[in-house]
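Have a look at the structure below before the remarks.
In the working numbering, the protein residues as written are 2 to 210.
Structure follows, in structure tokens:
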């Protein structure tokens, strides 16, 4: 079974490191930038564009989403990552859960297809992580939290017990979502923010909201 990482950007390097920590070496990385083809990330070659995967039998390959995001006040930057996952998932390609060996994941936590848990992250009991969601380096998802599909919990962010993050929301680096608070779908929480009350879908929260 081959494992191919999609998109040879910075996040792909982090994904590859997580895989290597588990003793898994990806077969290749794809990228649409012709200038990158023929290069490598470590010992993993950058081959052709994503479309090359469509020539492969669905049953013979697994995929990892190597596309990250750069959020702003008005845009989570997650649309591309979501679309890349959706394109191949809808065709039947499988995205396994990826977790770095240093991540701490409770035995009863539920991680859905394509979820990624990076180095030093903590997922506590009864937490649920959605499809294609990203819990980045040293982020903490406490007990009974819910992280929606395609959401991003950036490095060092903390979700306190029972908090929930909606589909496609971005929680900035070092942000803290307090106990039981709901962050609506597509919302953006600024880096370092402390969120003490619910946030509506598509809203922006910065500072202490």
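Yeah, the Cβ is synthetic: ideal placement off N, Cα and C, and Gly gets one too.
The model shown is predicted, which means the values in this text are computed figures rather than measured ones.
Distance between residue j and residue i (C-alpha atoms, nearest Å)
i: residue 174; j: residue 188; result: 14 Å
i: residue 11; j: residue 17; result: 10 Å
i: residue 205; j: residue 191; result: 8 Å
i: residue 99; j: residue 186; result: 23 Å
i: residue 168; j: residue 56; result: 31 Å
i: residue 146; j: residue 195; result: 16 Å
i: residue 7; j: residue 184; result: 28 Å
i: residue 40; j: residue 172; result: 33 Å
i: residue 86; j: residue 69; result: 12 Å
Boundaries of the alpha helix (DSSP H) in which residue i is found, first to last residue
i: residue 85; result: 80–90
i: residue 21; result: 11–22
Local Cβ density within 10 Å of residue i, reported as buried at 16 or more and exposed below that
i: residue 117; result: buried
i: residue 83; result: buried
i: residue 165; result: buried
Extent of the continuous beta strand (DSSP E) to which residue i belongs
i: residue 29; result: 29–31
i: residue 65; result: 62–66
i: residue 54; result: No beta strand (DSSP E) holds residue 54; DSSP gives it neither H nor E.
For residue i, the residue or residues it bridges with in DSSP
i: residue 117; result: 99, 135
i: residue 183; result: 165
i: residue 41; result: 46
i: residue 171; result: 153, 189
Closer than 8 Å: residue i CB and nearest the ligand GDP heavy atom
i: residue 2; result: Inclusion of the ligand GDP in the displayed structure is not the case, the ligand content being empty and no account of it being possible.
Practice problem: Kindly confirm or deny that the region 71–91 and the region 30–44 touch, where touching means at least three C-beta pairs closer than 8 Å. | Solution: no
Practice problem: Indicate whether the contact test is met: 3 or more Cβ pairs, each with one atom in the region 95–102 and one in the region 64–79, closer than 8 Å. | Solution: yes
Practice problem: Indicate whether the contact test is met: 3 or more Cβ pairs, each with one atom in the region 127–136 and one in the region 102–118, closer than 8 Å. | Solution: In this structure the region 127–136 lies against the region 102–118, because at least three pairs of beta carbons, one per stretch, are closer than 8 Å.
Self-check item: Touching by the beta-carbon criterion (3+ pairs, under 8 Å), the region 67–83 and the region 104–112
Solution: no
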